[in-house]
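In terms of the working numbering, the sequence shown is residues 263 to 352.
Idealized CB from N, CA, C, for every residue including glycine.
Computed from a prediction, not measured in an experiment: that's the story for all the values here.
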Amino acid sequence: MRADAVHFAGNTKRGKPCELVDNTGRALAVNECEEILASLIENEAFGFRSLSANGGETISLERRESTHVQVGDDLYRLIVFRYQARIENF
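1) Using the C-alpha atoms, what's the distance from E297 back to D284?
2) Could you check the C-alpha separation between N273 and N305 for me, to the nearest Å?
3) Does the beta-carbon of L282 have 16 or more other beta-carbons within 10 angstroms, so that it is buried, or is it exposed?
4) Give the range of the beta strand (DSSP E) segment to which E297 is assigned.
5) Tell me whether T329 is buried or exposed, calling it buried when 16 or more other Cβ atoms sit within 10 Å of its Cβ.
6) For E294, tell me which candidate among Y345, N351, V331 and F343 has the shortest Cα-Cα distance.
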C-alpha cells in the first residue's frame, strides 16, 4: 500500500465497515471514487460469497476478485478483497 493512498470509508448494507482505497498515487477525483464505493456497496461486492468467483465448489476466505474501472479517461485495476477495494495502476 502506498504511503499516499487515499481511503474512502463506508458501510455495507449489513452495517460492516468497508472502504475504497485510491492506491494510484494520482489523487483521483473524490466524487468519482465515492461513486465507485457507493456502487460496490449497492451491488453487495463486499463480504463473503456463497459461491466462488470461478464457479468452483471451494470458497477461499482470502477472497480477492479483480476487474477494471474507468476514472476520467484512464483505466485502472480494481481489486476487491473481503471489505476493502483498491484502485491501482495497471
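Taking the definition as stated:
1) 13 Å
2) 13 Å
3) buried
4) No beta strand (DSSP E) contains E297, which is instead part of the alpha helix (DSSP H) from V292 to E304.
5) exposed
6) V331
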